[in-house]
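Have a look at the structure below, then the notes.
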Amino acid sequence: MQDDSAAPERASDARVDIWEVAPEALTPAQRERCLTLLDDAERERHARFVFERDRVLYRVAHAMVREVLGRYLGGAALRFAAGPWGRPELAGAEPAPLRFNLSHTHGLAALVITRSADCGVDVEAVDRIRDPLALADSVFAPAERAALRAEAPARQNERFFAYWTLKEAYIKARGMGLSLPLEQFAFTLAGAADAGAADAGDGYQGARIEFAPGFEDPGGPWWFRRWHSSPRHRGAVAVRGVEAPVLRRRVWPGPG
């Protein structure tokens, strides 16, 4: 994964760009400078976090959004508006000049960018869940629950987060969040014998989605990829309407 300085970028629907940052990888001075990139509303929300680690993660993640999107948009001043289901979108242009989605978890933030394709990203820290089977009944489809229970105990956590990150990426790409019934769509992991296998032909892990009868999906094709961001972090991306884009993952080096 490439570490990139602040150079101009161009979005493309033939390519899916993922930017990631681990706050602890930045210097203390960089983490502080991230606050200067936020607008007033973001600073107010930042101040409401109780714990310093949450403040740091928030300001680093949202500074990355502003700085990276600025590269694609030629340094234009960015304004955001909430979509119908609360998803942040670029305001002031129809159609939007690009699509993006942000995810963050303990120790990591990720940003996905496409030119016009619906997209969603999710990253998760795998040490946050101690008993994946206890959660499966409320968040997984029957086929996913069966596959999880059939997995060797040592592999259940890995499979849980493979499904969970894919589901989160899909509902975020739809822009509807948890209003979608999670048990009515199911993922099959490519090379299903191993939830961690690099089996998509591009160094990442693929998946396919199936819907329960009556579930409303806007139509695809849907494209999914998974990856390991670090030993403790897993990520997934969902993109609609693009057959086989190139996935490019990059490290955000922080503000200069």
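Letter 164 of the sequence shown, counting from 1, is numbered 163 in numbering that gives the first Met the number 0, and no numbers are missing.
For every residue, glycine included, the Cβ atom is placed at its ideal position computed from N, Cα and C.
Within the same chain, show all residues whose beta-carbon is closer than 7 Å to that of residue i, passing over the 5 residues directly before and after it, in chain order.
i          : result
residue 58 : 33, 34, 37, 45
residue 80 : 88, 90
Report the rounded CA-to-CA distance for residue i versus residue j, giving the unit in angstroms.
i           : j           : result
residue 146 : residue 207 : 15 Å
residue 129 : residue 136 : 15 Å
residue 159 : residue 108 : 20 Å
residue 192 : residue 132 : Bear in mind that a pLDDT of 49 at residue 192, under 50, signals an unreliable position, so the model cannot answer this.
residue 10  : residue 117 : 13 Å
residue 233 : residue 120 : 11 Å
residue 173 : residue 29  : 33 Å
residue 113 : residue 13  : 8 Å
residue 209 : residue 255 : 44 Å
residue 50  : residue 64  : 22 Å
residue 178 : residue 221 : 19 Å
residue 97  : residue 72  : 9 Å
residue 95  : residue 149 : 44 Å
residue 229 : residue 203 : 14 Å
residue 252 : residue 243 : 28 Å
residue 101 : residue 110 : 5 Å
residue 187 : residue 52  : 35 Å
residue 27  : residue 106 : 15 Å
residue 99  : residue 48  : 24 Å
residue 143 : residue 15  : 27 Å
residue 153 : residue 77  : 45 Å
residue 83  : residue 162 : 26 Å
residue 151 : residue 181 : 24 Å
residue 138 : residue 227 : 22 Å
residue 141 : residue 43  : 42 Å
residue 263 : residue 205 : The structure shown does not extend to residue 263, since the chain is modelled only from 0 through 255, so no value can be given for it.
Does the beta carbon of residue i come closer than 7 Å to any beta carbon on chain B?
i          : result
residue 18 : Protein chains in the displayed structure number just one, and chain B is not present.
Closer than 6 Å by C-beta to residue i: which residues in its own chain qualify, once you throw out the five before and the five after it? Chain order, please.
i           : result
residue 183 : 211, 214
residue 41  : 61
residue 86  : 174
residue 201 : none
residue 170 : 176, 179
residue 235 : 121, 164, 165, 168, 225
residue 55  : 22, 30
residue 123 : 104, 160, 164, 233
residue 216 : 210
Apart from the five residues just before and just after residue i, which ones in its own chain have a Cβ nearer than 8 Å to its Cβ?
i           : result
residue 134 : 128, 159
residue 125 : 156, 157, 160, 231, 232, 233
residue 66  : 5, 36, 251, 254
Helix, strand or coil for residue i per DSSP?
i           : result
residue 27  : helix
residue 101 : strand
residue 90  : coil
residue 18  : strand
residue 84  : coil
residue 229 : strand
residue 159 : helix
residue 241 : coil
residue 135 : helix
residue 49  : coil
residue 77  : coil
residue 72  : coil
residue 154 : helix
residue 34  : helix
residue 192 : Residue placement at residue 192 cannot be trusted, given a pLDDT of 49 that sits under 50; the coordinates are not used to answer.
Could you tell me which residues DSSP pairs with residue i in its beta bridges?
i           : result
residue 121 : 235
residue 185 : 209
residue 179 : Bridge partners of residue 179: none, in fact.
residue 112 : 16, 99
Kindly confirm or deny that the segment 235–248 and the segment 21–30 touch, where touching means at least three C-beta pairs closer than 8 Å. no
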